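To start, the structure under review is shown below, and the notes come after it.
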Amino acid sequence: MERVSAQARKRLKKEIRAAKAKAWEKLQESVENDPWGKGYRIATGKFQKKTPLSLEERREAVAKLFPIRPIAEWPRVEIGAVEPFTTDELRAAALKLRPGKAPGPDGIPPEVIRLLVEVVPRTLLSLMNGLFAAARFPDEWKRAKLVLIPKAKSVDRKKLRPICLLDCLGKLYEHLIRKRLLEELEQRGGLSDSQFGFREGRSTVDATQEVMKFAKVANSGSWGRKDFCALTTVDVANAFNSASWQRIVEALHHKNMPPWTIAIVQDYLRDRDRFSDRLCGTFYTMAFSGSRCLWERSSSPLQMT
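Numbering (full-length UniProt numbering), first residue to last: 1 to 305.
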């Protein structure tokens with residue numbers, strides 16, 4: 001058995017060397033045919049000096065990405081009794097935790113949470129229902145592990161994309177709340193048919209087709225009788241982190257949402273201000289470090305309706 005394994009390793013190494021030699025030969029040929037192609041890009045990239053951002057530069061980037069905002073003060077909301085989550089809802093929420101995703105500060109990956117839902121569903125259901133009845137979102141699940149990723153094709157090395165890694169247990173709770181929140185919205189007329197962002201089953205292609213249809217109708221009249229048609233686009237910089245917390249809660253009131261939705265969204269937003277960064281350490285900023293799961297249902301859709 002050992003002899004067979006050794007022979008297999010030897011053959012594999014030989015094939016790897018042959019593949020590398022063939023790839024190198026192919027690269028040399030490509031340089032002859034295209035001097036500014038892949039070979040040139042590899043060479044210039046290899047010799048380009050990449051200086052990491054200093055601690056101060058990272059702090060400046062975070063301050064820009066997560067702007068300071070006034071602390072919101074909301075009155076306490078009496079929610080009364082709420083319908084507990086069911087085991088089916090818990091399992092459906094767990095399936096939305098995608099395997100392979102990075103865990104939050106607690107280090108527990110989504111695969112473990114999904115396994116716990118199958119093994120000890122009653123324990124997790126009791127935890128989630130206890131929090132739901134009290135309209136609480138634990139502070140521990142609001143803490144984020146911050147990762148700053150350079151934006152592709154950007155010449156400015158300070159152009160960074162922030163990734164906030166949150167605990168998967170908190171994400172599970174978010175999915176449960178999101179489902180109930182969406183059900184309440186649907187009972188109150190749902191969302192506008194003209195809204196395509198943050199909607200399941202609707203894509204950018206659908207929005208583009210709707211715009212083209214509108215333009216076609218405006219341009220369908222005879223000469224001199226066609227309607228004017230203009231397209232205006234708005235790019236909101238850093239929209240996710242700049243969402244107004246006050247407006248989110250006001251939108252809930254405007255839609256006549258039940259008290260529990262207002263209370264739990266307020267607690268979800270409260271004290272969401274601490275990040276942990278490997279180089280910067282722990283620092284504070286009035287930032288929206290929540291995940292998009294609940295934000296997509298509690299922010300933009302409500303403000304757009």
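For every residue, glycine included, the Cβ atom is placed at its ideal position computed from N, Cα and C.
From a predicted model like this one, the values you see are computed outputs, not experimental measurements.
Contact belief for residue i with residue j at Cβ below 8 Å, rounded distance in angstroms
i    : j    : result
E184 : T86  : Not really, about 17 Å apart at Cβ, beyond 8 Å.
L169 : A93  : Rounded, the Cβ-Cβ distance is 11 Å, inconsistent with contact.
E265 : L252 : Here residue 265 is Val; the residue named in the question, Glu, does not match the sequence. Indeed, because the Cβ distance is near 6 Å, the residues count as touching under 8 Å.
P259 : V77  : 5 Å
L172 : I113 : 6 Å
K159 : K151 : 4 Å
A207 : F196 : 4 Å
E111 : P99  : 5 Å
N219 : C229 : 7 Å
K38  : L27  : 7 Å
Opposing strand residues paired with residue i [DSSP bridges]
i    : result
L148 : P162
Residue i at chain B interface by Cβ criterion, 9 Å
i    : result
P109 : The chain inventory of the structure shown lacks chain B, comprising one protein chain alone.
7 Å CB neighbourhood of residue i in its chain, flanking five on each side removed
i    : result
D271 : D139 and K142
Q246 : A72
E29  : none
R3   : none
L124 : L90, L116 and V117
D227 : A218 and G221
W249 : It should be pointed out that residue 249 corresponds to Val in this sequence rather than to Trp. So the list reads W74, I262, V265 and Q266, once near-sequence residues are dropped.
Cut-off 6 Å between Cβ atoms - residues of its own chain near residue i, not counting five sequence neighbours on either side
i    : result
K20  : none
F137 : D267 and Y268
P109 : P103
V236 : none
R202 : F196
Close-in-space but distant-in-sequence residues of the same chain around residue i (CB under 8 Å, 5 per side omitted)
i    : result
Q187 : none
S300 : Low confidence applies to S300: its pLDDT is 42, below 50, so where it sits in the model is not reliable, and the reading given next is rough at best. G197, F198 and A243, listed in sequence order.
Should the stretch 58-69 be called in touch with the stretch 77-84, which here means at least 3 C-beta pairs below 8 Å?
-> no
Would the stretch 115-122 and the stretch 89-105 be scored as touching if the rule is three or more Cβ pairs under 8 Å?
-> yes
Which ranges would you report for the alpha helix (DSSP H) in the stretch 64-139 if only whole runs of at least 4 residues count?
-> 87-95, 110-119 and 121-133
If you scan the stretch 185-226 from start to end, which runs of the alpha helix (DSSP H) of 4 or more residues do you find wholly inside it?
-> 204-218
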